[in-house]
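Undergrad: Numbering (this note's numbering), first residue to last: 2 to 553.
Note that the Cβ used here is the ideal one computed from N, Cα and C, for glycine as well.
Quick one: the structure is below, questions incoming.
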């Protein structure tokens, strides 16, 4: 099919559906883009630039057909922290570096690795961000103009001290916004013609009209220049690069997690399958380009992507159309946007932040596992009380430690004496006095790695109190062995040989056998028959029984 025929077919079959989805998604994205920019401590127009550029680039180059990218709530906290520490120039540089990281993640196909980040870390992290956003909007909800603070308790204290100066009108707008956002979807859903109208745009129009015509004295967004974003050269100072690297990596990691989660949600809603490698490269391209046009770091947004799908998007062009409509709104209606009350945006953001705190997910975690609960609550507390970089690092570290603990608890080493003496190996040993007096058979269940060493030493090395001459180690249920396991096994064999005892390995899995062969000293011991390896334990017992003295 020629390009001309493809274009003709698209306009005949998909354009109108994409146009409708793109328009509705743009209307939903408009107040969110402004709100997230203000919550991030940057000019509101930067949020619009971000939604326009990221929406077009990720839709064009990403690996998820329906994902819509732009500013998101999860990003606001790390962006605000970066702005407070390094200024807007530092943020733009961090965003560009984050994009480079994401492109590298995509090239190295690390999207699959992100799937292994434990849910308690993600849940604790996103819930913590939700709390920070909520607390950060307290001043706007009360109509207070207060300086940005680094820590949440400072913000809470400032708001508490200034409550006497609260703006009643702003409180009414804030309360009305939340009430309408909750009630309007139910009201509009009953109308044949208004059921697709987003509640956010209705509340936005009401708040702007009231503020403009009644000259309400409430804090407003202020001037939004209706201009095309201009190219802006970044400050590639080596000292600044070094300073923002931790923030850049956190932005890249957070953006990667959120974008891939969004892609998975889109797949579930549409029975499609995203390309994680392509999605990360697309997100990276957008985040590299954005800072040069005064855009803040962006990621895929689940809510906007869901709207895009629900409104009938057919192709990735709906995301591009959404960007074009936002651009037209910026050019033609930018001056009107200055009258948007900050109290309205506070209502929108607080509803978003509450949705980020998944109570049911937290309850489920607390019911299932105390260790997972500890990781979740620790990550949550560190996110709220420290900084995001440290919180996600600490959460991952705790998860790794708990993983090692769980793997260690999986290890089970026991003697054959635990089994029915009338069956199998025990029956063979009991029927032969020589084997009964001279052979000890141990079975290892689970991975033989460094975390299992204390179990091995306690159950085998320290408890061979029977002083039997021959030790048979069954390894049928050992899926892998690491370097520490190889070294410990080698040391055990050498120590037994020095005492005049002998060690036999049976039922060794191919992966474990490859590890044994890759160790020069241990493979030499096998070659010299200092340790014998049998396919089955019964073969080792037959060998010991027939030789009488174990072949020595």
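By Cβ distance below 6 Å, which residues in the same chain neighbour residue 320 in space, the five residues on each side in sequence not counted?
TA: As a position in the chain shown, residue 320 is number 319, starting the count at 1. 56, 60, 69.
Undergrad: Compute the beta-carbon to beta-carbon distance between residue 144 and residue 172, rounded to the nearest angstrom, for a pair I have assumed lies under 8 Å.
TA: If you number the chain shown from 1, residue 144 lands on position 143. If you number the chain shown from 1, residue 172 lands on position 171. Indeed they touch by this definition, with Cβ atoms about 7 Å apart.
Undergrad: Is the CB-CB distance between residue 546 and residue 433 below 8 Å?
TA: As a first step, residue 546 must be located in the chain shown, where it is residue number 545. As a first step, residue 433 must be located in the chain shown, where it is residue number 432. In contact: residue 546 and residue 433 (Cβ atoms closer than 8 Å).
Undergrad: Please report the Cβ distance between residue 19 and residue 322, rounded to the nearest whole angstrom; I am assuming they are in contact, meaning their Cβ atoms lie under 8 Å.
TA: Working through the chain shown from its first residue, we reach residue 19 at position 18. Working through the chain shown from its first residue, we reach residue 322 at position 321. Residue 19 to residue 322, Cβ: 6 Å. Contact.
Undergrad: Starting from residue 444, trace the beta strand (DSSP E) in both directions and tell me its first and last residue.
TA: Taking the first residue of the chain shown as 1, we reach residue 444 at position 443. Looking at the DSSP string, the run of the beta strand (DSSP E) that includes residue 444 is 440-446.
Undergrad: Less than 7 Å between C-beta atoms, sequence neighbours within five positions excluded: which residues of the same chain meet that for residue 543?
TA: The count along the chain shown starts at 1 and reaches residue 543 at position 542. For residue 543, where only same-chain residues beyond five positions count, there are no Cβ hits under 7 Å.
Undergrad: In the DSSP assignment, what are the bridge partners of residue 507?
TA: For the purposes of this step, residue 507 is taken as the residue at position 506 of the chain shown. According to DSSP, residue 507 bridges with 475, 535.
Undergrad: Report the three-state DSSP secondary structure of residue 501 (helix, strand or coil).
TA: Here the question's residue 501 lines up with position 500 in the chain shown. If DSSP states are grouped into helix, strand and coil, residue 501 belongs with coil.
Undergrad: Count the other CB atoms within 10 Å of the CB of residue 367; is the residue buried (16 or more) or exposed (fewer)?
TA: Counted from its first residue, the chain shown places residue 367 at position 366. Residue 367 comes out exposed.
Undergrad: Find out if the Cβ-Cβ distance for the pair residue 376, residue 119 is shorter than 8 Å.
TA: To locate residue 376, count along the chain shown from 1; it is residue 375. To locate residue 119, count along the chain shown from 1; it is residue 118. Cβ distance < 8 Å, so residue 376 and residue 119 count as in contact.
Undergrad: At a cut-off of 7 Å, is residue 348 close to the ligand SAH when judged by its beta-carbon and the heavy atoms of the ligand?
TA: As presented, the structure is devoid of all ligands, the ligand SAH included, so that no description of it is given.
Undergrad: Nearest by alpha-carbon distance to residue 318: which of 48, 62, 3, 38 is it?
TA: Position 317 of the chain shown, counted from the start, is the residue given in the question as residue 318. That would be 62, whose Cα lies nearest to the Cα of residue 318.
Undergrad: If the criterion is Cβ atoms closer than 8 Å, does the pair residue 127 and residue 139 meet it?
TA: Taking the first residue of the chain shown as position 1, residue 127 is located at position 126. Taking the first residue of the chain shown as position 1, residue 139 is located at position 138. It is not a contact, given that the beta carbons lie outside the stated cut-off.
Undergrad: Out of 328, 237, 153, point me to the one whose CA is closest to residue 226's CA.
TA: Position 225 of the chain shown, counted from the first residue, corresponds to residue 226. Closest option to residue 226, Cα to Cα, is 328.
Undergrad: Counting only runs that start and end within the segment 234-294, where is the alpha helix (DSSP H) found for 4 or more residues in a row?
TA: With a minimum length of 4 residues, the continuous alpha helix (DSSP H) runs that stay inside the segment 234-294 are 239-271, 277-290.
Undergrad: To the nearest angstrom, report how far apart residue 362 and residue 123 are at their CA atoms.
TA: Walking along the chain shown from the start, residue 362 turns up at place 361. Walking along the chain shown from the start, residue 123 turns up at place 122. Each residue's Cα considered, the two are about 11 Å apart.
Undergrad: Quick check on residue 300: does DSSP put it in helix, strand or coil?
TA: Locating residue 300 in the chain shown gives position 299, where the first residue counts as 1. DSSP places residue 300 in strand when its eight states are reduced to three.
Undergrad: Below 8 Å on the Cβ atoms is my contact criterion, and I expect residue 142 with residue 347 to pass it. Report the Cβ-Cβ distance as a whole number of Å.
TA: Within the chain shown, numbered from 1, the residue matching residue 142 stands at position 141. Within the chain shown, numbered from 1, the residue matching residue 347 stands at position 346. That pair is a contact at about 4 Å.
Undergrad: Indicate whether residue 395 and residue 383 have their beta-carbon atoms separated by less than 8 Å.
TA: Against the chain shown, residue 395 aligns to sequence position 394. Against the chain shown, residue 383 aligns to sequence position 382. Yes, the pair counts as a contact, with Cβ atoms nearer than the cut-off.
Undergrad: Pick helix, strand or coil for residue 41, following the three-state DSSP scheme.
TA: By one-based count along the chain shown, residue 41 stands at place 40. Coil.
Undergrad: Counting only the same chain and skipping the five closest in sequence on each side, list residues whose C-beta sits under 7 Å from that of residue 44.
TA: Walking along the chain shown from the start, residue 44 turns up at place 43. So the qualifying residues of the chain are 38.
Undergrad: Since residue 342 sits in a beta bridge, which residues does DSSP pair it with?
TA: Here residue 342 corresponds to residue number 341 of the chain shown, with the count starting at 1. Answer is 221.
Undergrad: Using 8 Å as the cut-off, can you tell me whether the segment 219-234 makes contact with the segment 329-349, which would need three or more C-beta pairs spanning the two stretches below that distance?
TA: Yes, they touch.
Undergrad: Can you list, in chain order, the residues of its chain whose CB lies under 6 Å from that of residue 541, leaving out five sequence neighbours each side?
TA: What you label residue 541 is simply residue 540 of the chain shown in a count that begins at 1. So the list reads 473, 505, 507, 535, once near-sequence residues are dropped.
Undergrad: Is it right to say residue 25 is buried, meaning 16 or more other beta carbons lie within 10 angstroms of its own, or is it exposed?
TA: Here residue 25 refers to the residue found at position 24 of the chain shown. Label assigned to residue 25: buried.
Undergrad: State yes or no: is the C-beta of residue 92 within less than 8 Å of the C-beta of residue 242?
TA: Translated into positions along the chain shown, residue 92 becomes position 91. Translated into positions along the chain shown, residue 242 becomes position 241. Result no, Cβ atoms of residue 92 and residue 242 do not sit closer than 8 Å.
Undergrad: Taking DSSP as the reference, what is the three-state secondary structure of residue 393?
TA: Working through the chain shown from its first residue, we reach residue 393 at position 392. Helix at residue 393.
Undergrad: Return yes when the Cβ of residue 78 is within less than 8 Å of the Cβ of residue 134, no when it is not.
TA: Numbered from 1 along the chain shown, position 133 holds the residue referred to as residue 134. Numbered from 1 along the chain shown, position 77 holds the residue referred to as residue 78. Yes, these two residues count as a Cβ contact at 8 Å.
Undergrad: May I have the straight-line CA-CA distance separating residue 315 from residue 8, to the nearest angstrom?
TA: As a working mapping, residue 315 is identified with position 314 in the chain shown. As a working mapping, residue 8 is identified with position 7 in the chain shown. Going by the C-alpha atoms only, they are around 14 Å apart.
Undergrad: Pull up the distance between the alpha-carbon of residue 466 and that of residue 430, whole angstroms please.
TA: Translated into positions along the chain shown, residue 466 becomes position 465. Translated into positions along the chain shown, residue 430 becomes position 429. Below a pLDDT of 50, predicted positions are generally treated as unreliable, and residue 466, at 45, falls in that range; the measurement from the model is reported next regardless. Taking the straight line joining both Cα atoms gives about 18 Å.
Undergrad: Report back the beta-carbon spacing between residue 475 and residue 443 to the nearest angstrom; my notes put them in contact at under 8 Å.
TA: As a first step, residue 475 must be located in the chain shown, where it is residue number 474. As a first step, residue 443 must be located in the chain shown, where it is residue number 442. Confirmed, about 7 Å.
Undergrad: Can you give me the Cβ contacts of residue 420 inside the same chain, cut-off strictly under 6 Å, excluding the 5 residues immediately before and after it?
TA: As a position in the chain shown, residue 420 is number 419, starting the count at 1. For residue 420, the pLDDT reaches just 48, beneath the cut-off of 50, and the residue's location in the model is therefore unreliable, leaving the point undetermined.
Undergrad: Could you please give the first and the last residue of the uninterrupted alpha helix (DSSP H) stretch that includes residue 367?
TA: Your numbering for residue 367 matches position 366 in the chain shown. Start and end: 360-369.
Undergrad: Alpha carbon to alpha carbon, what distance is there between residue 233 and residue 306?
TA: As a position in the chain shown, residue 306 is number 305, starting the count at 1. As a position in the chain shown, residue 233 is number 232, starting the count at 1. Answer to the nearest angstrom: the Cα atoms are 29 Å apart.
Undergrad: My output table needs one value for residue 481: the three-state DSSP class, helix, strand or coil.
TA: Locating residue 481 in the chain shown gives position 480, where the first residue counts as 1. Three-state result, residue 481: coil.
Undergrad: Taking just the CA atoms, how far does residue 293 sit from residue 231?
TA: If you number the chain shown from 1, residue 231 lands on position 230. If you number the chain shown from 1, residue 293 lands on position 292. Going from the Cα of residue 231 to the Cα of residue 293 covers about 8 Å.
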